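Colleague: Residue 129 in my numbering sits at position 42 of the sequence shown; the count goes up by one each step and never skips.
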Amino acid sequence: MNFGSYLKKQRTQQDWTQPIAASKMGIEQSYLSKLETGKSYPSEDIFNNIVEVYDIDIVDMSTQIDSEELDKLREIKEVRCVVLKKQKSTKTFIRRWMIAGVVFLMLGGACFATAIIPKSTELHFYYRSEGVLLPGEVLTTFNIIVQPIDSLESTKAELKELLAKQKEMINRIEQNDITTKSFQGTNFVENVEKGKRYYQLYDSRELAYSSPLQWFLIPALMFLMGGVGCFRAGARWK
């Protein structure tokens, strides 16, 4: 709203004609007409008369009149004070939005950096024990299962004994695998309730793990969007 329209609104609210209002202000009706049409702007003395006659609250007036119109009234002390105060308030408001935007962007950047931490890798070692070794048995006892049968070099009795031994060891198989992150050597022995187990390394693999902090992507997006929103709000308010 321009200043002229604001004056006309104040007059119509009082249900006064231009001549009556002009008379109360001590000015010519033609001059009031120019003020209401925006062809002229009042001096400080006439503005004070208008404020007194219409009982105008200058602060309220500043909220209804366009900023460009207020700039045309800056030569009037009361208006200038209100304008400067309003500008200061606006700058403070915008500054707060901008600071909030910077904080949100910093938090968003920190969360994003945390979320994209590279995958970690770990070397795993796999050991296997075929079964429990009884007291007195050698570590390679279970190897007899895979021992080849050569009928040309073995007697019938020896072959029969070997087959019986293989069958016995097959029945005793209780395979157990262990995965560890630390290297225990190519083999190691572990005591158990009925004897001991002989573990042999059969594989090693490097496994990659996703970062457990990937969920930080959600707050990262929220903070980044919030930061952009703060900057847009500040710019729009300006």
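Here a beta-carbon is modelled for each residue, glycine too, at the ideal position from N, C-alpha and C.
All figures in this text were calculated on a predicted structure; none of them were measured in a lab.
For the alpha helix (DSSP H) containing residue 135, name the first residue and the last one.
Modeller: Segment 131-141, the alpha helix (DSSP H) holding residue 135.
Colleague: What residue range does the alpha helix (DSSP H) around residue 116 cover?
Modeller: 116-123 is the extent of the alpha helix (DSSP H) around residue 116.
Colleague: Pull up the DSSP beta-bridge partners for residue 275, would you.
Modeller: In DSSP, residue 275 forms a bridge with 286.
Colleague: Specify, as a first and last residue, the run of the alpha helix (DSSP H) that residue 94 falls within.
Modeller: Residues 90-101.
Colleague: Mind checking which residues open and close the alpha helix (DSSP H) that includes residue 265?
Modeller: Looking at the DSSP string, residue 265 is not in any alpha helix (DSSP H); the run it does join, the beta strand (DSSP E), is 263-267.
Colleague: Nearest by alpha-carbon distance to residue 307: which of 170, 135, 195 and 168 is it?
Modeller: If we check each option's Cα against that of residue 307, 195 comes out closest.
Colleague: Kindly identify the DSSP beta-bridge partner or partners of residue 219.
Modeller: Answer is 284.
Colleague: Would you mind reading off the limits of the alpha helix (DSSP H) that contains residue 106?
Modeller: First-last of the alpha helix (DSSP H) with residue 106: 105-112.
Colleague: What would DSSP say about residue 292, mapped onto helix, strand or coil?
Modeller: Residue 292 falls in the strand class under three-state DSSP.
Colleague: Just checking residue 214 against the ligand COA - is the residue's beta carbon closer than 7 Å to any of the ligand's heavy atoms?
Modeller: Because no ligand of any kind appears in the structure shown, any question about the ligand COA cannot be addressed here.
Colleague: Cutting at 7 Å between CB atoms, please list the residues of its own chain near residue 91, excluding the five before and the five after it.
Modeller: Closer than 7 Å at Cβ, skipping near neighbours: 122, 123, 124 and 125.
Colleague: So residue 143 and residue 97 are supposed to be a Cβ contact under 8 Å. How far apart are they, rounded?
Modeller: Contact holds; Cβ gap of about 7 Å.
Colleague: Do you know how far the Cα of residue 179 is from the Cα of residue 161?
Modeller: Going by the C-alpha atoms only, they are around 21 Å apart.
Colleague: So the candidates are 173, 150 and 219; which of them puts its Cα closest to the Cα of residue 280?
Modeller: Ranking the options by Cα distance to residue 280, first place goes to 219.
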